[in-house]
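Notes to accompany the following structure.
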Amino acid sequence: MDGLMLVLEIVVVLLLAAEVYIRLRARRKRAKEDEPASPSKSSAPQSAPPSAPVPPRADSVAAVSSSQGTAEGMEEASLSADDLLKESAIYMQYGHYSQAATVLRWYVDLRPDDTRAINQLLDAYLALEDLDAYTELLASLGEKLGVQSPTWWRGKIHEGLKRDPGNLELLVLAEKLGIPIPTPGEGVEEPMTAAKALALVSRNPDPKYAISVLHAAILEEPLRLPLYAELLRITHRQHDLEGFIDGLILLFLALGDTMRTLRERMLKAGLNLGPHPLWQTLEEWDGDRAKLRELAASRKLHISPKLPH
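Rendered as structure tokens:
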């Protein structure tokens, strides 16, 4: 059944391409027949034979550059651009987002002010998870401030940051346009996994951003020790004593009464940051998670519901 559906999709695309090709060829033939005969044709050198027709999409791009300045050329360019949009719609309908993005990229190059096509191209990039191309297109549009409404810009930038919260280019563009940057987790449908959080932190050097992302990931995957290691490393490097202690509390909750050596080593590293009344509490902790939960609540720390009580 899947093979039959694929064949039908290919047939539909080929039929559309054939229709466009036939229409363009018929228009050229009519235009040639309507041209008046030149009086000096017999004495003039023989003109070069017409070039062989090429497939519709490539011809559509060529037609625009070769027909500027004449009424018929403008009409043919309009037809070609519309054909590109129709072809991309078929690709999008059947989930061929890569082909749709290629065609829409050509169309947007021809019609850079067509917001409908721009939106479709951005949707195709999101479907492909191609955030680099998505960001590049938005950045190129961002050079023309005011092309779109502030609401449009905010929505597109936030949509990109939902998929890639650490995308520096999107963050810079948001700042350039004066758009508030959503905090990690705001409006994000997909969970902040440990793998994603660590990848984002490695790309974004902002410690406040990194700490926020790591806390969100710890809520989702509280037993992933690399998250705590990265959180403690960043807070220690920033000499963030309170942040380091918060990380220790969360780590101790995750470990319970196991891995005593690891807990002692992290405590020793924290002591180098300076004195704090909670050092003794953490040193004397006996493994009772209820006590740590009370301590975490007093510090307004969010604890993952996936941790044992």
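For the sequence shown, position 196 (counting from the first letter as 1) is numbered 196 according to UniProt numbering, and the numbering increases by one without interruption.
The beta carbon of each residue, even a glycine, is placed where N, CA and C say it ideally should be.
What you are looking at is a predicted structure, and each value in this text was computed from that prediction instead of being measured.
What is the residue span of the alpha helix (DSSP H) that residue i lies within?
i, result
"Asp113", "Run containing Asp113: none; DSSP gives neither H nor E here."
"Thr151", "150 to 163"
"Gln238", "It is not in any alpha helix (DSSP H) - Gln238 carries neither H nor E in the DSSP assignment."
"Glu221", "That residue, Glu221, is in no alpha helix (DSSP H); it is neither H nor E in DSSP."
"Glu136", "131 to 142"
"Arg299", "No alpha helix (DSSP H) holds Arg299; DSSP gives it neither H nor E."
Return helix, strand or coil for residue i, following the three-state DSSP convention.
i, result
"Leu177", "coil"
"Pro90", "A quick correction: the sequence has Ile, not Pro, at residue 90. In the structure shown, Ile90 sits in a helix (DSSP, three-state: H, G or I)."
"Gln99", "helix"
"Gln120", "helix"
"Ser42", "Unreliable positioning characterises Ser42 in this predicted model, as indicated by a pLDDT of 40, which lies under 50. The coordinate reading is nonetheless provided below. Ser42 falls in the coil class under three-state DSSP."
"Pro260", "In the sequence as presented, Pro is not what sits at residue 260; that position holds Arg. Three-state DSSP puts Arg260 in a helix."
"Gly73", "Confidence at Gly73 is low in this model, with a pLDDT of 46, below 50, so the placement of that residue is unreliable and no value is reported for it."
"Ser78", "Its pLDDT being 46, under 50, Ser78 is placed unreliably in this model, and the value from its coordinates should be taken loosely. Of the three classes helix, strand and coil, the one that applies to Ser78 here is helix, per DSSP."
"Thr281", "helix"
"Arg265", "helix"
"Asp59", "Since pLDDT at Asp59 reaches only 45, below the 50 mark, its modelled position is unreliable, and no value is offered."
"Gly270", "helix"
"Leu128", "coil"
"Leu198", "helix"
"Gly287", "coil"
"His309", "coil"
"His276", "coil"
"Gly243", "helix"
Considering only the alpha carbon of each residue, which of the options lies closest to residue i?
i, options, result
"Pro275", "Leu241, Arg263, Ser149, Gly95", "Leu241"
"Ala229", "Leu161, Ile179, Met266", "Met266"
"Ala117", "Ser88, Pro207, Thr261, His309", "Ser88"
"Leu177", "Leu138, Val201, Asn204", "Leu138"
"Arg111", "Gly160, Ala174, Asp83", "Asp83"
"Asp130", "Ser98, Asp109, Leu141", "Ser98"
"Tyr107", "Leu85, Asp132, His96, Asp288", "Leu85"
"Leu248", "Gln238, Leu198, Glu221, Glu283", "Glu283"
"Thr102", "Ala133, Leu173, Leu141", "Ala133"
"Ser140", "Arg105, Leu128, Ala127", "Arg105"
"Leu200", "Ala174, Pro180, Ile179, Lys162", "Lys162"
"Gly142", "Ala174, Leu295, Gly270, Met92", "Ala174"
"Ile234", "Ala217, Asp206, Arg260, Arg224", "Asp206"
"Gln93", "Leu295, Ala127, Glu136", "Ala127"
Please report the Cβ distance between residue i and residue j, rounded to the nearest whole angstrom; I am assuming they are in contact, meaning their Cβ atoms lie under 8 Å.
i, j, result
"Gly243", "Ile211", "6 Å"
"Trp285", "Leu278", "The Cβ separation is near 10 Å, so there is no contact."
"His236", "Leu273", "7 Å"
"Ala194", "Pro226", "7 Å"
"Leu253", "Leu307", "6 Å"
"Asp246", "Arg289", "Actually they are not in contact, since the Cβ atoms of Asp246 and Arg289 sit about 16 Å apart, beyond 8 Å."
"Glu220", "Met259", "Between Met259 and Glu220 the Cβ distance is about 21 Å, and since that is not below 8 Å, they are no contact."
**Asked** Hey, is the stretch 153 to 165 in contact with the stretch 122 to 134, meaning 3+ C-beta pairs nearer than 8 Å?
**Response** yes
**Item:** Given 8 Å, three or more beta-carbon pairs between the stretch 159 to 169 and the stretch 192 to 210
**Value:** yes
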